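Engineer: UniProt numbering puts the first residue of the sequence shown at 1, with every later residue one more than the last.
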Amino acid sequence: MHTQSLILGLLGQAVLLAAIPLKPKAAIERRDNLDIIEMALDPVFSSLRSIDAAVLALDGTPTTANNLLAVSQQNQVIVNQAILNVRASGDLSASKSLKLRQTTDSLAAQTKTTLGDLVARKPILDKLGVSNVALQTLQQQQISSLSLSDALAEKVPKAGQKKAAEDKGNLQSILSQAVAAYSVPAAPMVPAGAIPPPVIPIAAPPPQLISPAGSKDKKRKKKAKANRHDVDALAEEEV
């Protein structure tokens with residue numbers, strides 16, 4: 001029941017977020033193109049950190065899972081807005097492209113960290129039955145993230161196109177690994193009654209002790225033999 005309510009609630013949030021109109025910010029502020037692009041990427045970086053914090057806060061309860069999937073849906077809107085803002089900006093010079101690399105490298109590193117933590121905590125979402133919802137969100141983010149990468153590459157001069165293509169390839173690899181991990185079905189839950197009882201080891205038999213009676217018999221035989229020897233000795237003396 002908790003799982004069904006959680007999924008329905010998340011789908012409702014997704015519909016509301018998708019209905020938010022996206023508009024490119026007007027360039028009338030006459031900011032530098034690099035500033036415009038970096039301002040567009042700042043919310044994306046902050047959103048990724050929020051997702052990572054929500055991932056690390058997962059404790060197996062529906063509340064924490066709901067929070068994670070909610071911030072993931074918000075990230076989708078933020079990335080789409082960033083795409084529009086980047087496309088609305090002008091082209092970058094070679095020197096400005098090098099400065100932008102610091103921002104994009106940090107963004108790529110945060111993406112890798114966030115997705116790595118998300119994959120590591122898949123079993124928690126499996127138990128709550130919401131891994132499929134997370135998978136759908138990842139697939140949407142894969143499309144939008146690669147679109148953002150394309151938008152950034154369009155602003156880079158020809159000399160930086162090769163590096164931009166490499167960055168996109170690395171991003172695609174990271175996203176594909178996360179999608180592949182969440183595409184694996186959850187492991188079936190084992191009923192408590194199906195768990196076999198622990199095997200109790202059989203205790204080794206105690207070592208056998210030598211019976212005291214056997215020792216007494218030996219003493220009696222030895223004493224009888226000595227008595228017979230004494231009798232024989234007396235008989236020889238009488239003769």
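Positions of the beta carbon are idealized from the N, C-alpha and C atoms, including for glycine.
Remember, predicted model here, so these are calculated numbers, not experimental data.
For Val179, which of helix, strand or coil comes out of DSSP?
Structural biologist: Helix.
Engineer: What residue does the alpha helix (DSSP H) around Val184 start on, and which one ends it?
Structural biologist: Element bounds for Val184: n/a, residue is neither H nor E.
Engineer: Distance, Cα to Cα, Leu56 vs Gln74?
Structural biologist: The alpha-carbon atoms of Leu56 and Gln74 are separated by roughly 18 Å.
Engineer: What does the Cβ neighbour count give for Gln141, buried or exposed, with the cut at 16 atoms within 10 Å?
Structural biologist: Gln141 comes out buried.
Engineer: One question on the structure: do Ala54 and Asn33 come within less than 9 Å of each other, judged by their Cβ atoms?
Structural biologist: Contact: no.
Engineer: Go through its chain and collect everything with a Cβ distance to Asp52's Cβ below 7 Å, but skip five positions before and after it.
Structural biologist: Taken in chain order, the residues that qualify are Thr113, Thr114 and Asp117.
Engineer: Figure out for me which residue from Thr111, Gln136, Ile143 and Ala40 has the closest Cα to the Cα of Leu84.
Structural biologist: Comparing Cα-Cα distances from Leu84 to each of Thr111, Gln136, Ile143 and Ala40, the minimum goes to Ala40.
Engineer: Quick one, which of Ala65, Leu135 and Leu128 has its alpha-carbon nearest Pro188's?
Structural biologist: Closest by alpha carbon: Leu128.
Engineer: Return the residue from the list Leu152, Gln102, Leu98 and Ala109 that minimises the CA-CA distance to Ile174.
Structural biologist: Here the closest residue by C-alpha is Ala109.
Engineer: What did DSSP end up calling Lys122 once you bin it into helix, strand or coil?
Structural biologist: It is helical.
Engineer: I need the straight-line Cα distance from Asn132 to Ser183, nearest angstrom please.
Structural biologist: So the alpha carbons of these two residues sit roughly 8 Å apart.
Engineer: Figure out for me which residue from Thr103, Pro43 and Asp126 has the closest Cα to the Cα of Gly60.
Structural biologist: The residue with the shortest Cα to Cα distance from Gly60 is Asp126.
Engineer: Is it buried or exposed, Ala159, if we count other Cβ atoms within 10 angstroms and call 16 or more buried?
Structural biologist: Flag for Ala159 reads exposed.
Engineer: Mind checking Ile36: buried by the 16 CB within 10 Å criterion, or exposed?
Structural biologist: So Ile36 counts as buried.
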